[in-house]
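Chemist: To convert, take the position in the sequence shown, counting from 1, and add 74; that gives the numbering used here.
Beta carbons are placed, not taken as given, at the ideal position from N, Cα and C, and that holds for glycine.
Here the structure is a predicted model, which means the values were calculated and not measured.
So that we are looking at the same thing, I have put the structure below in structure tokens.
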Amino acid sequence: MRVRKAVIPAAGLGTRFLPATKAVPKEMLPIIDVPTIQYIVKEAADSGIEDVIFVTGRGKNAIIDHFDYYPELEEKLEQQGKRDLLAALRETSSMAKVVSIRQQEPRGLGDAVLCARELVGDEPFVVLLGDDLVDSAVPCARQMIDVFEQYNKSVVALMRVPTDEVSSFGICGGEPLGERAYNLDTMMEKPAVHDAPSNLAIVGRYILKPSIFGYLERVDPGPGKELQLTDAMALMMAEEGFVGCEITGERYDTGDKFGFLQANIAFGLKRRDIAPRLRAYMRDILQQEI
Ligand code: G1P
């Protein structure tokens with residue numbers, strides 16, 4: 075069955091970015107002039123996704139507004155002949171059909187996915203985590219949908235990380251299945267370095283069969299009463315199998331201050347309107363430091 079729907083959890087409080095996130099959802103913090111969440115929705119749309127389901131919480135209305143139509147502003151930009159801005163504005167409201175549902179309490183990623191159950195229905199779907207920005211020639215979600223279509227099993231995105239970072243990620247182990255694909259036999263959420271089965275870390279992209287909802291109901295909440303998606307995926311892996319897809323591309327952790335800055339610089343260096351000045355500026359300040 076074709077993957078048409080995306081679930082984007084966006085209920086987190088964004089405490090790592092306070093005070094910026096006191097009144098502004100962290101998903102709306104921009105990489106240059108585009109909110110991080112727009113890159114995520116664009117990746118989904120470019121991967122063939124038609125419907126986007128945001129799982130939100132209190133204070134997140136700006137996300138929904140961002141992907142809505144804004145006819146008054148469109149009219150103004152049209153009158154002023156600001157074509158580029160008009161095109162950029164129209165893109166935000168035409169990328170995908172967007173709906174939202176609220177997660178009543180922040181009870182973890184697994185619970186956020188479970189909140190989308192009715193809206194997803196009985197079909198496979200992609201989950202995209204907003205903090206993981208992946209810049210790649212083939213959109214990350216598309217790479218995974220291709221693997222899903224090949225093996226007809228749920229798929230998780232993987233990337234190798236330095237050993238000392240394994241305890242910050244979900245980590246998987248398994249046997250190679252094909253090019254960049256693994257038949258997984260182990261999944262652990264943030265293991266200690268000596269327990270980790272490999273350095274293949276889960277990047278925040280998942281293609282899940284709808285049977286995941288049943289597994290989510292079966293797992294017990296972990297530390298902080300959070301329902302871990304990884305725990306439900308491990309159950310699914312044992313009963314139905316699970317494929318890991320080692321993705322290609324550059325990953326930025328925009329939920330981390332340094333990762334956010336890195337993404338701004340990397341994306342700035344790719345922008346024709348900004349790159350020459352940014353490059354010259356960076357050269358200057360680096361010379362001053364030497
Ligand atoms: C979540 C997942 C984890 C994954 C990570 C990727 O963790 O639970 O398995 O490796 O995203 O960013 P979080 O960073 O939200 O704690």
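Which two residues bound the contiguous alpha helix (DSSP H) that contains Val-221?
Modeler: Taking the sequence shown and counting its residues from 1, one reaches residue 221 at position 147. It spans 214-225 - the alpha helix (DSSP H) in which Val-221 sits, taken as one unbroken run.
Chemist: Is the beta carbon of Gly-318 sitting closer than 8 angstroms to the one on Cys-214?
Modeler: Walking along the sequence shown from the start, residue 318 turns up at place 244. Walking along the sequence shown from the start, residue 214 turns up at place 140. Not in contact: Gly-318 and Cys-214 (Cβ atoms no closer than 8 angstroms).
Chemist: Looking at C-alpha atoms only, which residue of Ser-174, Ile-321, Ile-106 and Pro-83 is the closest neighbour of Ile-348?
Modeler: Here residue 348 refers to the residue found at position 274 when the sequence shown is read from its first residue. Looking at the Cα atoms, Ile-106 is the closest of the given residues.
Chemist: Identify, in the order they occur along the chain, each residue of the same chain with its Cβ nearer than 6 angstroms to the Cβ of Ala-308, setting aside the five sequence neighbours on each side.
Modeler: One-based indexing of the sequence shown puts residue 308 at position 234. For Ala-308, where only same-chain residues beyond five positions count, the Cβ hits under 6 angstroms are Met-261.
Chemist: According to DSSP, which residues form a beta bridge with Val-126?
Modeler: Translated into the one-based positions of the sequence shown, residue 126 becomes position 52. Per DSSP, Ala-80 and Val-172.
Chemist: By DSSP, does Asn-338 sit in helix, in strand, or in coil?
Modeler: Residue numbering aside, residue 338 sits at position 264 when the sequence shown is read from its first letter. In the structure shown, Asn-338 sits in a helix (DSSP, three-state: H, G or I).
Chemist: When DSSP labels each residue in this structure, what does Ala-186 get in the three-state scheme?
Modeler: As a position in the sequence shown, residue 186 is number 112, starting the count at 1. Three-state DSSP puts Ala-186 in a helix.
Chemist: Applying the criterion that 16 or more other CB atoms from any shown protein chain within 10 Å of the CB defines a buried residue, is Ile-286 buried or exposed?
Modeler: Counted from its first residue, the sequence shown places residue 286 at position 212. Ile-286 comes out buried.
Chemist: Tell me whether Ile-137 is buried or exposed, calling it buried when 16 or more other Cβ atoms sit within 10 Å of its Cβ.
Modeler: As a working mapping, residue 137 is identified with position 63 in the sequence shown. So Ile-137 ends up on the buried side.
Chemist: When you compare the CB of Ile-127 with every CB in chain D, is at least one pair closer than 8 angstroms?
Modeler: Among the chains in the structure shown there is no chain D, since it carries only a single protein chain.
Chemist: Pick out the complete alpha helix (DSSP H) segments inside the region 254-334, 4 residues or longer, and give them in chain order.
Modeler: Those alpha helix (DSSP H) runs which fall completely within the region 254-334 and span 4+ residues are 286-292 and 303-314.
Chemist: By a C-beta neighbour count over all protein chains shown, 10 Å radius and 16 as the cutoff for buried, is Ser-36 buried or exposed?
Modeler: Summary: the structure shown does not reach residue 36, with the chain confined to residues 75 through 364, and so no result is reported for it.
Chemist: State buried or exposed for Ser-228, treating a residue as buried only when at least 16 other CB atoms are found within 10 Å of its CB.
Modeler: Stepping through the sequence shown from its first residue, residue 228 is reached at position 154. Classification of Ser-228: buried, given that the 10 Å Cβ count is 16 or more.
Chemist: Cβ of Thr-260 versus every heavy atom of the ligand G1P: is any distance shorter than 7 angstroms?
Modeler: Start at 1 with the first residue of the sequence shown, and residue 260 comes out as number 186. For the ligand G1P, not one heavy atom lies less than 7 angstroms from the Cβ of Thr-260.
Chemist: Sort Ser-272, Thr-322, Gln-217 and Ala-340 by Cα distance to Thr-328 and report the nearest one.
Modeler: For the purposes of this step, residue 328 is identified with residue 254 of the sequence shown, where counting begins at 1. Comparing Cα positions, the closest option is Ala-340.
Chemist: Could you check the C-alpha separation between Gln-362 and Ala-354 for me, to the nearest Å?
Modeler: Against the sequence shown, residue 362 aligns to sequence position 288. Against the sequence shown, residue 354 aligns to sequence position 280. Those two C-alpha atoms are separated by around 13 angstroms.
Chemist: Could you tell me if Phe-332 is buried or exposed, where buried requires 16 or more neighbouring beta carbons within 10 angstroms of its beta carbon?
Modeler: What you label residue 332 is simply residue 258 of the sequence shown in a count that begins at 1. Phe-332 is exposed by the Cβ-count criterion.
Chemist: Nearer than 7 angstroms: is that true of the beta carbon of Ala-340 relative to any heavy atom of the ligand G1P?
Modeler: Residue numbering aside, residue 340 sits at position 266 when the sequence shown is read from its first letter. No, Cβ of Ala-340 sits at least 7 angstroms from all heavy atoms of the ligand G1P.
Chemist: Does the separation of the CB atoms of Glu-124 and Lys-171 fall below 8 angstroms?
Modeler: To locate residue 124, count along the sequence shown from 1; it is residue 50. To locate residue 171, count along the sequence shown from 1; it is residue 97. The answer is yes: Cβ separation under 8 angstroms.
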